[in-house]
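Only one structure is covered here, and it is reproduced in the block below.
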Amino acid sequence: MIDLEQAFSPEGPLAEAIPSFRPRPQQLEMASLIADALRENRVLVAEAGTGTGKTFAYLVPALLSGGKVILSTGTKTLQDQLFNRDLPTIRAALKIPVTIALLKGRANYVCPYHLARNERDGRFLTAQDAADLRTIARFAKITQSGDKAECSEVREDSPAWFAATSTRDNCLGQECPDVKECFVLAARRAAMDADVVVVNHHLFFADVMLRDEGMGELLPSCNAVIFDEAHQLPETASLFFGESVSTAQILELARDTRSETLAGARDCRELIDATRALEKAARDFRLAFGSEPARLSAAQAAALPDFDKSLDALDAEIDAFAAVLETQAERSEGLANCLRRTAEVGERLVRWRSPDAGEFVRWVEVFQQSAALNATPLHVSGVFRRQLESHPRAWIFTSATLAVGQNFTHYCNEMGLSWIDPPPVTAVWGSPFDYAKQALLYAPAAMPDPNHPDYAEAVARVALPLIRAARGRTFVLCTSLRAMKRIHALISEGLQRAGEELPLLLQGEGSRSELLDRFRRMGNAVLVASQSFWEGVDVPGDALSVVVIDKLPFAPPDDPVLAARVEHLQKSGHNPFMHYQLPRAVINMKQGAGRLIRSERDLGVLCICDPRMIEKQYGKIVWRSLPPMRRTRAEAEAIAFLEQLPPPRGA
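Residue numbers (our numbering): 75 to 725.
Pasting the structure below:
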């Protein structure tokens, strides 16, 4: 059997098989520590800076370990990259006969039952949606996997996918007439048989929840779990260990019931009418919150004039709907399933309305078209710790951003790792990039307080000279959608006044992948974006030379979940700012800053506008956690750095 030193050596199999492979001491050190953890069933928490090669550092020991390994990622993009590119490459290079499988959530697989049902009903808002569904139907006849990522002719966000896939709520399970053709079950069978299974964090926690109910499949059978992009786990775990009921779920339930009624109980006009009444009650409930999206505590929601009345009406309508549906449920599996879903929605609504929610935060999220009642745990440490102690196996947590400086206390406390025995092994490997030469950290002088009404104007004034000096090639990352829109408008005006014809993109003008493709292709574009572009975005090369960050990314203090956690920490005798808010902001800032330098050849300026980084004592904790770039407060120095860069391709 090949050993790690051989695998990563300059003359080893990886170097031989992969032209771009370069041996890095940090990569071998990390791989060795992971191999030890896999062998000893230990917990390892490891931060590896950009360029360390952490993907190969965990894949090689995972494939050499000989056990069943679950690899969990934060994004479907990384999931596809691991399964389609990295794992096959390493398996071939090391000549190891391991089997690999890719497993995604059910919404990623075509459902033959729902596809046929909706193709037959033919109710679509646009001709494009109908055309997309026909394309998906053709794809379903030839695909082996049913994975929608393989159907590139249909946009990932096309509404037709809702008609062609199933949800946990509307899946008929073993009672489905098309169960033998089910792509989800086929993917699960392949995952059960494989040596290495690639999942994402959402699916991992879905399996954990099923395991708590005695039904989980993946976790009991594995020897090791490796989390990449592990900084996302606390947030994902909060979603899954909490509970939610939304008007979107209720509208979907009404639509599905109507469809099943037309197929199996067409003569029951009363049930069709009940679906319409349920839809109206759900929409009326959404209208109780006004037109703007918002996040409200349960108390804030209850103070709204129409909240209680519309929630009572929705509750009553669900009961009336269930009563009619019960009379027809025996007529088909689909209707029986709708009755089960109705009971679950009703139970979740009753639990949400119960004031004794234990260590949960009850809050409401209002979207443009829907509203969701959420119960989120104050902390997930206890639940996750149970998983760690349930069975001897290795647990590896890795990301480019987990520590504050060299300290993992915040992350280990959030994930319940601080109280396990033996304690977790922790390690930090900095990036091999030469940040002192490749990058400049610019903190502009004379910035107003971030709460000043003209702060967005000040950010745009700082950004414009950098954009012009770099000839585009800029990300402007904002901490709120409102700031994003305002700063975009100001930059647009400024470029027009200066006669600069640079492509200016705004988050929301297309999907994230479409905007990124345009940004890379143009070579001289400016993208103004919010949270969804702070991480998981890779633009190596000269298409990106400036990253401007408007503020330190603290969560808004009026956020209901944050407010409840702050209150809980205060009651426990902790300082919530130092123990929770600041560490989270540091990790988010490291993610945003990490967009700039993605390869050994990248050059650029990171501009952090927020004066608190310099003026406040805690600001030192922020900039000391960033890569060791040269620092300046002088605009002239930042512009001089950018003006000596080679011209962009799009110029």
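C-beta: ideal position from N, C-alpha, C; glycine also.
Specify, as a first and last residue, the run of the beta strand (DSSP E) that residue i falls within.
i, result
"residue 451", "445-451"
"residue 706", "704-706"
"residue 320", "317-320"
"residue 164", "Not the beta strand (DSSP E): residue 164 falls in the alpha helix (DSSP H), residues 161-168."
"residue 121", "117-122"
"residue 756", "The displayed coordinates of the chain run from 75 to 725. Any statement about residue 756 would go beyond what the structure contains."
"residue 470", "468-473"
"residue 502", "499-503"
Using 10 angstroms around the beta-carbon of residue i, count the other beta-carbons present and answer buried if the total reaches 16, otherwise exposed.
i, result
"residue 526", "exposed"
"residue 158", "exposed"
"residue 302", "buried"
"residue 644", "exposed"
"residue 288", "Model confidence at residue 288 stands at a pLDDT of 41, short of 50, so the residue's coordinates are unreliable and nothing is read from them."
"residue 41", "No statement about residue 41 is possible, as the shown extent of the chain runs from 75 to 725 and does not include it."
"residue 508", "exposed"
"residue 573", "exposed"
"residue 85", "exposed"
"residue 228", "buried"
"residue 647", "exposed"
"residue 727", "With the chain covering 75 to 725 only, the question about residue 727 has no answer from this structure."
"residue 639", "buried"
"residue 488", "buried"
"residue 100", "buried"
"residue 208", "exposed"
Taking residue i as the reference, give the member of the options with the closest Cα.
i, options, result
"residue 270", "218, 487, 175, 575", "175"
"residue 411", "145, 677, 585, 247", "247"
"residue 538", "601, 490, 498, 130", "601"
"residue 575", "553, 557, 545", "545"
"residue 274", "366, 149, 358", "149"
"residue 703", "614, 670, 333", "670"
"residue 446", "693, 477, 454, 361", "361"
"residue 352", "371, 372, 367, 330", "330"
"residue 340", "394, 552, 296, 403", "403"
"residue 205", "413, 179, 232", "232"
"residue 375", "415, 178, 440, 557", "440"
"residue 568", "680, 551, 541, 189", "541"
"residue 79", "89, 90, 102", "102"
"residue 422", "405, 401, 448", "448"
"residue 211", "199, 200, 657, 194", "194"
"residue 475", "504, 77, 490", "504"
Over the uninterrupted alpha helix (DSSP H) stretch that includes residue i, give me the two end residues.
i, result
"residue 237", "234-238"
"residue 423", "407-427"
"residue 487", "483-488"
"residue 132", "128-138"
"residue 697", "693-699"
"residue 392", "381-402"
"residue 711", "709-717"
"residue 359", "343-361"
Alpha carbon to alpha carbon, how far is residue i from residue j?
i, j, result
"residue 458", "residue 343", "48 angstroms"
"residue 364", "residue 323", "20 angstroms"
"residue 286", "residue 313", "Only weak support is given to the placement of residue 286: the predicted model assigns it a pLDDT of 47, under 50, and the value that follows is read from those uncertain coordinates. Answer to the nearest angstrom: the Cα atoms are 16 angstroms apart."
"residue 122", "residue 346", "56 angstroms"
"residue 561", "residue 533", "7 angstroms"
"residue 726", "residue 424", "No answer is possible for residue 726: the residues shown for the chain start at 75 and end at 725."
"residue 705", "residue 514", "6 angstroms"
"residue 163", "residue 92", "8 angstroms"
"residue 579", "residue 593", "8 angstroms"
"residue 721", "residue 672", "19 angstroms"
"residue 419", "residue 321", "10 angstroms"
"residue 558", "residue 530", "9 angstroms"
"residue 416", "residue 295", "33 angstroms"
"residue 519", "residue 636", "31 angstroms"
"residue 497", "residue 117", "8 angstroms"
"residue 298", "residue 387", "49 angstroms"
"residue 698", "residue 479", "7 angstroms"
"residue 316", "residue 151", "26 angstroms"
"residue 675", "residue 615", "7 angstroms"
"residue 319", "residue 268", "35 angstroms"
"residue 198", "residue 104", "52 angstroms"
Name the DSSP beta bridge partners of residue i, please?
i, result
"residue 147", "274"
"residue 552", "Paired residue(s): none; residue 552 is not in a bridge."
"residue 221", "183"
"residue 681", "516, 622"
"residue 434", "451"
"residue 174", "270"
Hey, is residue i close to the ligand SAH, as in C-beta under 7 angstroms from one of its heavy atoms?
i, result
"residue 356", "This structure lacks the ligand SAH; in fact it carries no ligand of any kind."
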